[in-house]
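See structure below.
Protein chains: 2
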Amino acid sequence: MSSPAVSSRDLPHPARDEIRLEGVLHALSDPMRLRIVRELAGARGELSCSDFELPVTKSTTTHHFRVLRESGVIRQVYRGTAKMNGLRRDELDELFPGFMGALLAAADRQAVRLGD
Amino acid sequence: MSSPAVSSRDLPHPARDEIRLEGVLHALSDPMRLRIVRELAGARGELSCSDFELPVTKSTTTHHFRVLRESGVIRQVYRGTAKMNGLRRDELDELFPGFMGALLAAADRQAVRLGD
DNA sequence: GCCGTACTACGATGCCTATCGTACGAGTCG
DNA sequence: CGACTCGTACGATAGGCATCGTAGTACGGC
């Protein structure tokens, strides 16, 4: 009818109003995931999973991206063989105004304080 | 010399600069602990452990307060038989300006949205 | 000194999760 | 078609952790 199943594979995301603060906090409390989110916030637009150079295996990377998606922090979509990732910044800002900004600022500040 | 060991029992707290954002996020990602912190932020001043009415046993309550203390979110001090708890709001604000405010606002907002 | 209150310590339990390796599915390009 | 790349699925493993119950310690008041 309307959308021609853009790229075939679909991924489950929580609706905006299903996102829980505790879930977001839990997702961000892992150093690897916080790192992913900071990188994603720094890059305007989307990044593929393989744009990240993480000190863990691919399996583990997949796991972290799924946790971030299921908690509502990022949106994932297939684009050919690549899987593109984007922060759900707008929705999070509607839900928790100022929170993501303060969090990212806090993470930056700590990174500077601890010497990147 | 100076301080006469105010009340005898001392509890280990991380110094301000030892507080890690990931640790704070992890501490706050538990519903019971987030609830404690919100209550503590609402009440001006300190509250004793037994001022909280939590749906868990005392053992578990002790555990949660310890996690909050060890992550640097609260400060605990013995006052007679009672153990008083206070948010380390000033120090957290120095470390992560605006973060605790945004977080507490987000928690309030979610509480309202989900009907307290 | 004795009792009650406030909180702790310790051990057990069951669940969650971060990590890995290997084997597989989906797309792209020759 | 065939090879290659990107990412998934699944099982295993080890460690973390929220919870409880019971037994114990510190303090204050009688």
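Chains A and B, in that order, give the protein sequences. The first sequence maps to residues 1 to 116 in the working numbering. The second sequence maps to residues 1001 to 1116 in the working numbering. We put the beta carbon where it would ideally sit given N, CA and C, even for glycine. Computed from a prediction, not measured in an experiment: that's the story for all the values here.
Which word fits residue i, buried or exposed, when buried means at least 16 other C-beta atoms lie within 10 angstroms of its C-beta?
i               : result
residue 1114(B) : exposed
residue 11(A)   : exposed
Are the beta-carbon atoms of residue i and residue j separated by less than 9 Å?
i               : j               : result
residue 1023(B) : residue 29(A)   : yes
residue 1106(B) : residue 1073(B) : no
residue 9(A)    : residue 94(A)   : no
residue 1032(B) : residue 1060(B) : yes
Which of helix, strand or coil does DSSP assign to residue i?
i               : result
residue 1047(B) : strand
residue 20(A)   : coil
residue 1086(B) : strand
residue 1106(B) : helix
residue 1037(B) : helix
residue 56(A)   : coil
residue 1069(B) : helix
residue 1009(B) : coil
Assuming residue i and residue j form a contact by the criterion Cβ under 8 Å, report the distance between their Cβ atoms to the nearest whole angstrom.
i               : j               : result
residue 1013(B) : residue 1079(B) : Actually they do not touch by this definition, with Cβ atoms about 16 Å apart.
residue 1104(B) : residue 1043(B) : Between residue 1043(B) and residue 1104(B) the Cβ distance is about 13 Å, and since that is not below 8 Å, they are no contact.
residue 25(A)   : residue 1025(B) : 5 Å
Pairs of beta-carbons, one from the stretch 15-22 of chain A and one from the stretch 90-104 of chain A, closer than 8 Å: are there three or more?
yes
If we count Cβ pairs, one from each stretch, closer than 8 Å, do we get three or more for the stretch 1085-1097 of chain B versus the stretch 1044-1063 of chain B?
yes
So, do the stretch 1059-1067 of chain B and the stretch 1033-1040 of chain B have three or more beta carbon pairs nearer to each other than 8 Å?
yes
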